[in-house]
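*Asks:* I have a structure here, written as structure tokens, and I will follow up with some questions on it.
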Amino acid sequence: MKPASMLLLALAATTANAETPTMRQLMLDLIHPASNDIQVFINRGAPKDEADWFRVRRSALTLATSESVLTPSPNPDWTKDAKAMAEAGAAAYQAAQAKNFNALAALADSLDASCTNCHKQFRPNVFPHKAGPAGGSK
Ligand code: HEC
């Protein structure tokens, strides 16, 4: 069983309603905090001790292993976007393991883009789709 699936099971078991978290909950409680933890270090200064690097590693690993919890859609674009996020997370994990801040900082844009690319297509309340071949209101 993948770690992400185990996390879901653990969540389901401990949530009062024993329900699988919604996409919104996954974003707010798992994906965004993880990504934010990494971006804060990138923007405000390198991790300074083992505890800081641990936070980066944990958050990077969260993103790297979250692909499967974000894959409920048969749409190949969704799968591609979730994979891009996992790959950025995996690269951040490698950089954190090597305590290589330059390598970590170089990932800021691809990490950010991996969120935005998916949101542009699948979060239309934030990125309203224009009518046309690429968008429309289906
Ligand atoms: C594979 C698609 C996908 C990827 C990748 C993705 N998201 Fe999301 N995200 C969504 C969708 C869909 C929603 C809308 C959920 C809803 O409102 O039901 C969302 C919503 C959110 C929200 C708003 C939650 C709210 O309603 O207040 C935040 C914050 C967020 N994502 C952060 C991120 C960050 C940060 C990343 C990148 C590290 C990311 N997401 C990557 C699909 C994705």
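According to our numbering, the residues represented by the sequence shown are 129 to 266, in order. The beta-carbon is built from N, C-alpha and C at its ideal position, and this holds for glycine as well.
(1) Would you call the CB atoms of S187 and D165 closer than 7 Å?
(2) Does DSSP put N253 in a helix, a strand or coil?
(3) Distance, Cα to Cα, P261 vs S242?
(4) Please give the ranges of any beta strand (DSSP E) in the segment 218–246, keeping only runs that are unbroken, at least 3 residues long and fully inside the region.
(5) Roughly how many angstroms separate the alpha carbons of A220 and L198, rounded to a whole number?
(6) By the 10 Å Cβ neighbour count, where 16 or more other Cβ atoms means buried, how is A216 classified, buried or exposed?
(7) Which same chain residues end up closer than 7 Å to A218 when comparing Cβ atoms and leaving out the 5 residues on each side of it in sequence?
(8) One question on the structure: do D205 and Q249 come within less than 7 Å of each other, judged by their Cβ atoms?
(9) Considering only the alpha carbon of each residue, which of D209, L232, I170, A236 lies closest to S194?
(10) With a cut-off of 8 Å on the beta carbons, I'd call N245 and A212 a contact; round off their distance for me.
(11) If contacts are defined as beta-carbon pairs under 8 Å, then L239 and S163 qualify, I think. What distance do you get, rounded to the angstrom?
(12) Quick check: is any heavy atom of ligand 1 less than 6 Å from the C-beta of I267?
(13) Where do the N-terminal and C-terminal ends of the alpha helix (DSSP H) with M155 fall, by residue?
*Replies:* Working from what's here:
(1) Residue 187 sits at position 59 when you count from the first residue of the sequence shown. Residue 165 sits at position 37 when you count from the first residue of the sequence shown. Yes, Cβ-Cβ distance for S187 and D165 is below 7 Å.
(2) Counting from one through the sequence shown, the residue named residue 253 turns up at place 125. Coil, per DSSP.
(3) Start at 1 with the first residue of the sequence shown, and residue 261 comes out as number 133. Start at 1 with the first residue of the sequence shown, and residue 242 comes out as number 114. Note on P261: pLDDT 38, under 50, position unreliable in the model; the coordinate value appears next. P261 and S242: Cα-Cα distance of roughly 22 Å.
(4) none
(5) Locating residue 220 in the sequence shown gives position 92, where the first residue counts as 1. Locating residue 198 in the sequence shown gives position 70, where the first residue counts as 1. Using only the alpha carbons, I get a separation of about 19 Å.
(6) Your numbering for residue 216 matches position 88 in the sequence shown. So A216 counts as buried.
(7) Taking the first residue of the sequence shown as position 1, residue 218 is located at position 90. Counting only Cβ-Cβ distances below 7 Å, and skipping sequence neighbours, we find A192.
(8) Your numbering for residue 205 matches position 77 in the sequence shown. Your numbering for residue 249 matches position 121 in the sequence shown. Against a cut-off of 7 Å, the Cβ pair of Q249 and D205 comes out as a contact.
(9) Within the sequence shown, numbered from 1, the residue matching residue 194 stands at position 66. The option with the nearest alpha carbon to S194 is D209.
(10) In the sequence shown, the residue the question calls residue 245 occupies position 117. In the sequence shown, the residue the question calls residue 212 occupies position 84. Their Cβ separation, rounded to whole angstroms, is 7 Å, which keeps N245 and A212 in contact under 8 Å.
(11) Here residue 239 refers to the residue found at position 111 of the sequence shown. Here residue 163 refers to the residue found at position 35 of the sequence shown. Yes, they are in contact, since the Cβ atoms of L239 and S163 sit about 6 Å apart, within 8 Å.
(12) Residue coverage of the chain in this structure runs from 129 to 266, which leaves residue 267 outside it and unanswerable.
(13) Along the sequence shown, read from residue 1 onward, the residue named residue 155 stands at position 27. Run containing M155: none; DSSP gives neither H nor E here.
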